[in-house]
Structures are given as C-alpha cells and as structure tokens.
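For the sequence shown, the working numbering gives the first residue as 71, with consecutive numbering after it.
The beta carbon of each residue, even a glycine, is placed where N, CA and C say it ideally should be.
The model shown is predicted, which means the values in this text are computed figures rather than measured ones.
The next block holds one structure in the form of structure tokens; read it before the comments.
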Amino acid sequence: MSTLWNHYHTPKTIDEALKLLTDYGGQARIIAGGTDLLVDMRAGQHPAHEALIDITAIPEMSAIYRQEDRIYIGAGVTHTQIVRSAELQAHARCLVESCGVVGGPQVRNVATLGGNVAHALPAGDGTVSLVALAAEAEVIQAGERRWLPIGDLYLGPGKSLVDSTRDLLIQFRLRATGAREATAFSRIMRPQGVALPILGCAVWVRLDDTLTHYDSARVCIAPTGPTPERATEIEQALAGKPATAETIQQVILIAMEALHPRTSKYRATAEYRKEMIGVLLERTLSAAVTRAKGG
Ligand SMILES: Cc1cc2nc3c(=O)[nH]c(=O)nc-3n(C[C@H](O)[C@H](O)[C@H](O)COP(=O)(O)OP(=O)(O)OC[C@H]3O[C@@H](n4cnc5c(N)ncnc54)[C@H](O)[C@@H]3O)c2cc1C
Numbered sequence: 071m072s073t074l075w076n077h078y079h080t081p082k083t084i085d086e087a088l089k090l091l092t093d094y095g096g097q098a099r100i101i102a103g104g105t106d107l108l109v110d111m112r113a114g115q116h117p118a119h120e121a122l123i124d125i126t127a128i129p130e131m132s133a134i135y136r137q138e139d140r141i142y143i144g145a146g147v148t149h150t151q152i153v154r155s156a157e158l159q160a161h162a163r164c165l166v167e168s169c170g171v172v173g174g175p176q177v178r179n180v181a182t183l184g185g186n187v188a189h190a191l192p193a194g195d196g197t198v199s200l201v202a203l204a205a206e207a208e209v210i211q212a213g214e215r216r217w218l219p220i221g222d223l224y225l226g227p228g229k230s231l232v233d234s235t236r237d238l239l240i241q242f243r244l245r246a247t248g249a250r251e252a253t254a255f256s257r258i259m260r261p262q263g264v265a266l267p268i269l270g271c272a273v274w275v276r277l278d279d280t281l282t283h284y285d286s287a288r289v290c291i292a293p294t295g296p297t298p299e300r301a302t303e304i305e306q307a308l309a310g311k312p313a314t315a316e317t318i319q320q321v322i323l324i325a326m327e328a329l330h331p332r333t334s335k336y337r338a339t340a341e342y343r344k345e346m347i348g349v350l351l352e353r354t355l356s357a358a359v360t361r362a363k364g365g
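Given below as structure tokens:
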C-alpha cells in the first residue's frame, strides 16, 4: 500500500489542512470516507500521492446546524449523519432519502456528502438532491473562501471545479423547507450489488396559499447528461398548474421530450430509462405534494 501514498495526516482545523495542501504543493490529496478515492487509487485511476490529508477530524466540517432559515452541512458529514438528522428529516427530506440509499450501512457510515460532490459524478445520490434544493457550496481556492451554486462545481463526469490536491470543499447550505413546501427523492436501480443507478430524481415544490396549485418547483433527474442539472422545462411546466395527477401526466410528456438519457450497458437502454422518467416523476411529485399539504 505504501506505493499509493507515503504519509497520512489527520488535521484538526481547516487552517492546518490548508497548510498541508500548500506544503505538499499539489502532491497530496484530500481524503474523507475514502469510498470513492481508495477504490479509484487501487484501480490505478489516480497517480500515487505523496500524502493523504484526512478531513474527517475537523469539527467545523463534520457538523449539521441551522442558522435562521438555512441549514448548513459540513463536507465531512457522513450519509448516516444526514439520515439521522431531525433537522434534515423535517426540512430537507429529499436529501435524507437520497443519502439513505447510498451503498449499504458500512459505506454510509464513513462516506461523506463532500466526497459525493467532489467526486463529481452526475448521478451521485446526494448531489441530485442538493441540486433540487438549490444548495450552495463553500470552497477555499487559492486562499479565497467563497460560496458557489452547487451546479458550478460540476465541469463534466468526474471533473470537479474543486482540485482536491489544492482546494477544500468546506460545507453546504440550503434553505429549510417552510409552510406549503416539501421535497422528495426516488431512485431506480438494478437490484444486484454495486450497480449504477438507472436514474435518480429529486424534487422541491411550493404550493400556493390554497394548497391546490404549484407556486413553483425545482426538479433534478440524473444522469441525463455529463453534469447534474435542473430540468427547467419541467419546472416551468409545473409553475401555476393545479397540483393534480393530470398535471403530473402532462409534465411527464414534456420531460420525455426534453430529457435524453443514453443507452448504457451499466444502466439500461435509453428507451427504458426514458420510460422511468415518468415513473420517478409520478412518485416524487405525488410524495412532495402530499407532504406540502401537510400529509
Ligand atoms: C460499495 C459502494 C457503494 C456505493 N454506492 C453509492 C450509491 O449508491 N450512491 C452514490 O452516490 N455513491 C455510491 N458510492 C460512492 C461513494 O460512496 C460516495 O460517492 C461517497 O459519498 C464518497 O464520499 P467519501 O467521503 O468516501 O469520498 P472520498 O472517497 O474520500 O473522496 C472522493 C473524492 O472527493 C475528494 N474529496 C473528499 N472530500 C473533499 C473535501 N472536503 N474537499 C475537497 N475534496 C474532497 C477526494 O480527494 C476524492 O477525489 C458507493 C461506493 C462504494 C464503495
């Protein structure tokens, strides 16, 4: 194993982690749960690193907390922590549902939301919900600490704006759902072992004062392209429409025109995946509307 890295550091503060990254001058890499990184390193998809810098002992990056109407989630927070968070269960349900299906319990106990995002795959389950929640990510690049819309971090499959040999993803923030608002996530996956998802879908909806019509909606269905993106055609089609089963059937037709999932031997045929867009939208929109009505 010494061929893959020579030194392993466990800094206790963000400053300490940044100093290590600077001192190694691009020869070290951030590690969190290691469930993507170690698999990739063993498969030879990364050059050997002089050092790994483990961020999981930095308290500021391992907390979930609320400030006014925003919820903050450290990049080093595990999927299990997210699933168990009462705050997220009540006000960001889709994230709890998506992190709850990542791998099995052993993976969820160590794998982090930051790792899911920095790995930059368009179908990362945590990612899909963060996009529908219009979350923002706080990053440190070249000494500058700034907040970016979550979508800005995705440059292509496996390509992140965050260079994990120099930059640090610190935390995420999102608006807690309020009255008449709710979210939901659902995923279609082959049942066997470590397979790739056929499609995942997260939605956020806000109903009008009478709870009968959509005021607005956000939808992310992935993977349907190289990066996880909002399905704006669906969002526009929902705004102002009655919150009924008929509307869902109408937007399914729009979604099937607008989205073009590809045939993939690891997922399914394009035709099957397109059909599944309808199944996922029906499940997630119905659940979110029921929740927004207080159900
Ligand atoms: C058996 C198995 C099943 C899985 N199932 C799923 C699944 O169902 N759904 C799913 O989405 N994923 C799945 N994964 C992938 C993986 O578990 C997740 O993507 C996980 O969230 C990665 O987090 P991590 O903490 O392990 O990241 P790591 O492997 O530690 O890191 C991943 C990448 O992010 C970088 N990085 C991590 N944290 C930071 C940070 N704070 N700042 C800068 N860079 C950082 C690392 O350098 C590395 O490049 C599975 C993996 C395994 C092994």
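Item, Value
"Out of curiosity, what's the CA-to-CA distance linking L281 and A362?", "8 Å"
"Do I347 and I291 come within 8 Å of each other at the CB atom, strictly closer than that value?", "yes"
"DSSP three-state call for Q115: helix, strand or coil?", "coil"
"Thinking just about the alpha-carbon of each residue, which of A162, Q319, D93 and R112 is nearest to the one in G248?", "A162"
"As a quick exercise: from E327, A246, A358 and A212, pick the residue whose alpha carbon is nearest that of G95.", "A212"
"Label E138 either buried or exposed according to how many other C-beta atoms from any shown protein chain fall within 10 Å of its C-beta, with 16 as the threshold for buried.", "exposed"
"Quick one, which of R154, L158, V172 and V359 has its alpha-carbon nearest W274's?", "V359"
"Under 7 Å Cβ to Cβ from S256, same chain only, skipping five residues before and after it: list those, please.", "C271, L350, R353 and T354"
"Measuring CB atoms only, is the region 202-210 touching the region 119-134, in the sense that at least three cross pairs come out at less than 8 Å?", "no"
"T317 to E305, Cα distance in whole Å?", "12 Å"
"Tell me which residue opens and which closes the beta strand (DSSP E) that A127 is part of.", "That residue, A127, is in no beta strand (DSSP E); it is neither H nor E in DSSP."
"Out of L329, G226, V232 and L266, state which residue places its alpha-carbon closest to the alpha-carbon of R215.", "V232"
"Counting C-beta neighbours from all protein chains within 10 Å, is the total for H119 16 or more, i.e. buried, or is it exposed?", "buried"
"So, A313 versus Y284, is the Cβ gap smaller than 8 Å?", "yes"
"Can you have a look at A113 and say buried or exposed, based on whether 16 or more other CB atoms are within 10 angstroms of its CB?", "exposed"
"Helix, strand or coil for E352, going by three-state DSSP, please let me know.", "helix"
"Only counting the same chain, and skipping five residues up and downstream in sequence, which positions put a Cβ closer than 7 Å to that of A357?", "A254"
"Determine, using beta carbons only, whether L183 and V147 come nearer to each other than 8 Å.", "yes"
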